[in-house]
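Chains A and B supply the protein sequences, listed in that same order. If you're matching positions, the first sequence starts at 96 in the numbering used here and goes up one per residue. If you're matching positions, the second sequence starts at 96 in the numbering used here and goes up one per residue.
2 protein chains.
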Amino acid sequence: MDAQQFREFGKAAIDLMADYVENIRDHDVLPSVEPGYLINALPQDAPEHPEAWQDILKDFNQTIMPGITHWQSPQFHAFYPTGSSYASIVGNILCDGLSVIGLSWLSSPACTELEVLTLNWLGKLLGLPEEFLHCSSGPGGGIIQGSASEATLVALLAAKDKTVRRITKSDPTLDEDYIKPKLVAYTSDQCNSSVEKGGLLASMKMRLLKTDSDGRLRGETLKNAFEEDISQGLIPCCVIANLGTTGTCAFDPLYELGPVCNEADVWLHVDAAYAGAAFLCPEYRHLMRGIELSDSIDVNAHKWMPVTFDCSAMWLKNGYDLVRAFNVQRIYLDDIKTENKIPDYRHWQIPLGRRFRALKLWTAMRIYGAEGLRKHVRDQITLAQYFAKLVRSDDRFLVEPEQSMGLVCFRLKEGDIVTKKLLENITEKKKIYMVAGSYNGRYMIRFVICSRLTKKEDVDFAWTHIKDEANLLCSDKVHTKAQLPAINQIVAREICEKSK
Amino acid sequence: MDAQQFREFGKAAIDLMADYVENIRDHDVLPSVEPGYLINALPQDAPEHPEAWQDILKDFNQTIMPGITHWQSPQFHAFYPTGSSYASIVGNILCDGLSVIGLSWLSSPACTELEVLTLNWLGKLLGLPEEFLHCSSGPGGGIIQGSASEATLVALLAAKDKTVRRITKSDPTLDEDYIKPKLVAYTSDQCNSSVEKGGLLASMKMRLLKTDSDGRLRGETLKNAFEEDISQGLIPCCVIANLGTTGTCAFDPLYELGPVCNEADVWLHVDAAYAGAAFLCPEYRHLMRGIELSDSIDVNAHKWMPVTFDCSAMWLKNGYDLVRAFNVQRIYLDDIKTENKIPDYRHWQIPLGRRFRALKLWTAMRIYGAEGLRKHVRDQITLAQYFAKLVRSDDRFLVEPEQSMGLVCFRLKEGDIVTKKLLENITEKKKIYMVAGSYNGRYMIRFVICSRLTKKEDVDFAWTHIKDEANLLCSDKVHTKAQLPAINQIVAREICEKSK
């Protein structure tokens with residue numbers, strides 16, 4: 096493929112994707128394919144000879160597209176959003192066109208420096224304390240990780256290394272093989288599965304502590320857990336607090352957890368993967384009160400900001416904690432010395448190589464401007480509030496807990512089994528996509544404003560569809576109130592077990 | 096930014112990148128900027144209001160571009176290549192345009208299935224044993240990881256989990272806290288830094304075993320290490336073999352390491368990040384003899400294949416080993432049951448989210464065809480052989496060890512200090528980019544055919560430049576033979592220490 100063909104192929108792809116977004120409402124949000132559909136539809140072997148790009152786009156339209164769940168569709172209300180924007184798609188074209196690897200400053204100075212700069216930009220817009228920024232006088236700064244999972248793992252590993260160093264320093268007779276199995280990490284029972292997985296990956300015990308009735312991990316609970324473990328000879332090492340839990344978008348009170356962590360010399364990592372974007376708007380910053388007591392914070396710019404996956408923005412109070420934990424220097428990585436201000440990001444992350452991801456963050460921030468980013472967050476919250484109002488207007492339904500950010504949790508008052516059936520029926524129709532959650536042992540449906548394209552009409556569409564399905568279901572006599580209590584317990588246990 | 100503006104911005108970016116590649120020889124391969132150049136050149140805060148895309152491209156050209164080290168330049172001969180191609184840049188536009196997250200089959204069936212399919216395609220083209228493919232009757236299959244570092248970490252963690260399960264099963268009185276600190280991983284002293292870092296990240300002791308004079312880890316050495324450790328109460332857990340070491344592109348004999356690992360129930364992971372692409376060509380497959388004895392293998396399609404970073408292809412003999420190690424099921428991830436043949440890739444990797452990376456692999460394989468991919472590898476080896484011949488024609492130089500794949504290691508016979516000085520002078524001129532290595536304690540320069548654009552004329556250009564610099568250097572009387580022996584020792588120690 097020569098440059099001329101690339102121009103044609105690339106521009107055709109641009110048009111195809113613009114058309115896709117413009118007409119995205121024409122697709123059912125969920126695809127109508129069976130497992131194996133694509134594997135069976137395409138050749139089992141790579142072509143021997145080069146093929147024409149026109150044939151690739153034809154296959155893309157005819158075979159790939161029917162198997163897509165449309166995350167950018169205004170009818171996608173599942174999980175949390177995955178961000179995207181025209182601006183950052185183009186940013187990524189520049190990234191791929193250059194195809195540089197920013198493993199050190201010299202390996203492409205602009206790659207490292209634009210990341211330093213844009214993470215400062217974003218950190219300031221979020222109102223982070225200055226010590227988390229590269230432009231502070233201290234060793235803090237931001238980095239783009241691939242995902243919140245990676246950020247959690249990085250924090251756990253840095254905390255482990257730091258704790259081992261602290262303990263062996265105070266008692267040189269202890270070695271790391273003795274210390275490591277005693278280290279404990281803590282999070283809440285509302286944490287994302289990736290946090291729990293982080294414990295598995297980091298080989299650290301991870302305790303899921305009980306939250307209060309609002310889904311928040313409280314300082315007292317954490318303190319008691321520390322004391323309990325210390326009395327058993329264990330060593331508290333790291334706490335992962337949640338700002339915006341996956342289940343109900345609850346916010347752990349950092350102003351309670353922070354002092355407990357600081358006093359016990361325990362690393363406090365803040366997972367604000369989704370809801371962190373809300374701090375773009377000053378009116379929500381009270382929800383991160385105490386952030387200055389944390390050691391690291393992660394906000395997925397690729398979730399609730401219009402930045403295409405992957406772009407997980409992580410800030411550290413002390414970058415050296417990572418460098419000490421991860422540095423393995425080699426002669427072929429020898430580099431000219433840079434000023435302290437410019438990090439060698441390869442020591443701040445798991446892989447050695449790194450893409451020029453700052454470009455897509457940079458293009459998105461410039462095309463939207465700070466006001467555009469704030470508007471995006473506020474508009475989505477307004478839409479969620481509107482949906483909650485619609486649900487409340489129907490007395491068969493209950494919104495519980497209170498709508499938080501772009502998330503509305505709701506259920507049928509009639510009980511778990513009908514609510515579950517309702518979700519199943521809706522999913523089968525493929526018009527809108529939501530997923531289940533649980534709140535205080537009850538089955539509920541999570542409705543999230545995900546797409547940047549979602550408008551009031553789309554929310555109306557979703558609500559009408561939900562109501563229609565509820566009408567159909569309530570006329571079905573199989574589900575009677577009499578059956579509910581017993582079934583409820585089974586379902587509740589099932590949910591509970593699956594949540595583990 | 097609306098769809099129309101996206102069409103304009105996107106197409107301008109396509110043209111810009113096509114122009115960039117077409118005129119890439121106009122740039123010095125290394126940039127002429129000082130640390131901080133970009134941070135100081137751009138505004139310290141994000142813009143408050145939206146900006147025009149034309150201004151972004153202007154800044155890209157004026158401030159980003161001067162700070163780029165051109166990895167795709169034909170004059171880039173450092174490290175190993177990072178792959179890119181027009182075809183896979185477009186594949187990634189489609190990926191970004193859809194912006195789906197393939198965390199489960201339902202979350203976008205095509206995303207999972209195209210990955211299954213293309214990893215089968217590639218596995219077959221590389222001549223991997225059938226049991227590594229999804230289309231076999233067994234539990235094997237391929238997955239795209241972000242990097243070889245990630246693949247190594249995944250293998251180490253799966254090996255750790257499997258070993259702990261095996262031992263606690265045979266002796267239920269032992270618990271994992273007792274077992275884990277005793278686990279040992281092994282690789283060679285020629286391994287990439289990312290392998291050593293993998294040991295750090297996985298909290299596993301990593302022994303770098305001595306290689307033979309050809310840089311290969313031998314079976315006997317490994318066997319002795321196992322015995323030594325077992326006699327000290329340690330537990331061999333995982334071996335990372337190198338097919339194509341970073342320093343000299345040496346190939347560990349899997350047919351020796353495999354039986355030793357299999358007998359001791361130790362996981363054998365094969366890091367073929369760069370050189371694995373050579374197995375596209377049957378004439379090089381003898382270098383992976385014994386591959387059927389391994390548990391996992393990783394080949395960076397984004398290194399020596401024309402696939403844009405990141406696309407690290409990893410195959411496992413038993414995917415369940417990963418699922419058992421990484422599975423943390425949650426209710427919001429509940430999915431319809433898929434046939435066994437279709438993996439839930441989130442359990443095969445570190446993060447929860449995953450991009451539709453198979454698209455860029457698919458477009459590249461179709462645009463090149465199998466014959467195009469083989470031609471790419473063979474052409475690059477031919478160019479390396481040509482460069483080695485040029486170096487040998489000048490009796491001031493020595494090629495040592497023998498050229499391997501796209502890598503030629505060479506040095507000035509006069510000694511380490513002059514060779515080092517030569518590389519420094521060349522790097523300062525910024526015309527070609529190479530990095531240092533060491534071989535049997537001697538300082539040497541690594542010259543790699545990296546760019547897909549490199550032609551014979553580019554190799555001539557590089558060699559002429561190297562010769563010219565050597566002429567300048569040899570006329571400089573500061574470096575006399577008399578000085579060399581003492582300095583050599585210092586340099587050798589320095590290299591050695593930095594390699595640790």
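For glycine and all other residues, C-beta sits at the position ideal for the given N, C-alpha and C. Keep in mind it's a predicted model, so treat the numbers as computed, not measured.
So what's residue i in DSSP terms, helix, strand or just coil?
{"i": "residue 249(B)", "result": "helix"}
{"i": "residue 234(B)", "result": "coil"}
{"i": "residue 477(A)", "result": "helix"}
{"i": "residue 408(B)", "result": "strand"}
{"i": "residue 431(B)", "result": "With a pLDDT of 42 at residue 431(B), under the threshold of 50, the predicted position of this residue should be treated as unreliable, though the coordinate-derived value follows. If DSSP states are grouped into helix, strand and coil, residue 431(B) belongs with coil."}
{"i": "residue 213(A)", "result": "helix"}
{"i": "residue 105(A)", "result": "helix"}
{"i": "residue 161(B)", "result": "helix"}
{"i": "residue 331(B)", "result": "strand"}
{"i": "residue 174(B)", "result": "coil"}
{"i": "residue 279(B)", "result": "strand"}
{"i": "residue 570(B)", "result": "coil"}
{"i": "residue 240(B)", "result": "strand"}
{"i": "residue 581(B)", "result": "The predicted model places residue 581(B) with a pLDDT of 45, which falls under 50 and marks its position as unreliable; any figure quoted below should be read in that light. In this structure, residue 581(B) counts as helix in the three-state DSSP scheme."}
{"i": "residue 552(B)", "result": "helix"}
Just the chain B side, please: which residues come within less than 8 angstroms of residue i by C-beta, in chain order?
{"i": "residue 509(A)", "result": "Ordered by position in chain B, no residue passes the 8 angstroms Cβ test against residue 509(A), which lies about 20 angstroms from the chain."}
{"i": "residue 132(A)", "result": "204, 208"}
List the residues of chain B whose Cβ lies closer than 7 angstroms to the Cβ of residue i, in chain order.
{"i": "residue 144(A)", "result": "464, 466"}
{"i": "residue 202(A)", "result": "164"}
{"i": "residue 458(A)", "result": "151"}
Would a C-beta distance cut-off of 7 angstroms place residue i and residue j closer than the cut-off?
{"i": "residue 178(A)", "j": "residue 214(A)", "result": "no"}
{"i": "residue 141(B)", "j": "residue 460(A)", "result": "yes"}
{"i": "residue 493(A)", "j": "residue 565(A)", "result": "no"}
{"i": "residue 407(B)", "j": "residue 242(B)", "result": "yes"}
{"i": "residue 365(A)", "j": "residue 338(A)", "result": "yes"}
{"i": "residue 294(A)", "j": "residue 248(A)", "result": "no"}
{"i": "residue 145(B)", "j": "residue 186(A)", "result": "no"}
{"i": "residue 288(B)", "j": "residue 312(B)", "result": "no"}
{"i": "residue 162(A)", "j": "residue 438(B)", "result": "no"}
{"i": "residue 363(A)", "j": "residue 390(A)", "result": "yes"}
{"i": "residue 221(A)", "j": "residue 374(A)", "result": "yes"}
{"i": "residue 601(B)", "j": "residue 105(A)", "result": "Within the shown structure, residues of chain B are numbered from 96 to 595, placing residue 601(B) beyond reach of any answer."}
{"i": "residue 301(B)", "j": "residue 320(B)", "result": "no"}
{"i": "residue 529(B)", "j": "residue 98(B)", "result": "no"}
Hey, does residue i have any beta-carbon neighbour from chain E nearer than 7 angstroms?
{"i": "residue 340(A)", "result": "Protein chains in the displayed structure are A and B, and chain E is not among them."}
Starting from residue i, follow its DSSP beta bridges and name the residues at the other end.
{"i": "residue 393(B)", "result": "366(B), 409(B)"}
{"i": "residue 506(B)", "result": "493(B)"}
{"i": "residue 532(A)", "result": "539(A)"}
{"i": "residue 338(A)", "result": "346(A)"}
{"i": "residue 302(B)", "result": "281(B)"}
{"i": "residue 499(B)", "result": "502(B)"}
Using a Cβ cut-off of 9 angstroms, pull out every chain B residue sitting near residue i, in sequence order please.
{"i": "residue 447(A)", "result": "242, 243, 244, 287, 288, 289, 292"}
Against residue i, what residues of chain A qualify as contacts under a CB-to-CB distance less than 7 angstroms, listed in chain order?
{"i": "residue 450(B)", "result": "404, 405"}
{"i": "residue 187(B)", "result": "187, 191"}
{"i": "residue 148(B)", "result": "462"}
Since residue i meets chain A, which of its residues come closer than 8 angstroms, beta carbon to beta carbon?
{"i": "residue 127(B)", "result": "Result: empty, since nearest Cβ-Cβ is about 10 angstroms, beyond 8 angstroms."}
{"i": "residue 211(B)", "result": "134"}
Residues of chain A with CB closer than 9 angstroms to the CB of residue i, please, in chain order.
{"i": "residue 140(B)", "result": "215, 216, 219, 220, 465"}
Residues of the stretch 153–172 of chain A with Cβ closer than 7 angstroms to any Cβ of chain B, in chain order: 155, 159, 162, 163, 164, 166, 167
Near-chain B residues of the stretch 356–383 of chain A - C-beta to any C-beta below 8 angstroms: none
Interfacial residues, the stretch 249–275 of chain B to chain A, with Cβ spacing under 7 angstroms: 252, 272, 275
Contact residues within the stretch 281–314 of chain B, judged by C-beta distance below 8 angstroms to chain A: 287, 288, 289, 291, 292, 295, 296, 297, 298
Chain B contacts from the stretch 106–119 of chain A (Cβ-Cβ distance under 9 angstroms): So the list reads 106, 107, 108, 109, 110, 111, 112, 113, 114, 115, 116, 117, given in the order they occur along the chain.
Contact list for the stretch 504–537 of chain B against chain A, Cβ threshold 7 angstroms: 530, 531, 532, 533
Near-chain B residues of the stretch 549–567 of chain A (beta-carbon distance less than 9 angstroms), N- to C-terminal order: none
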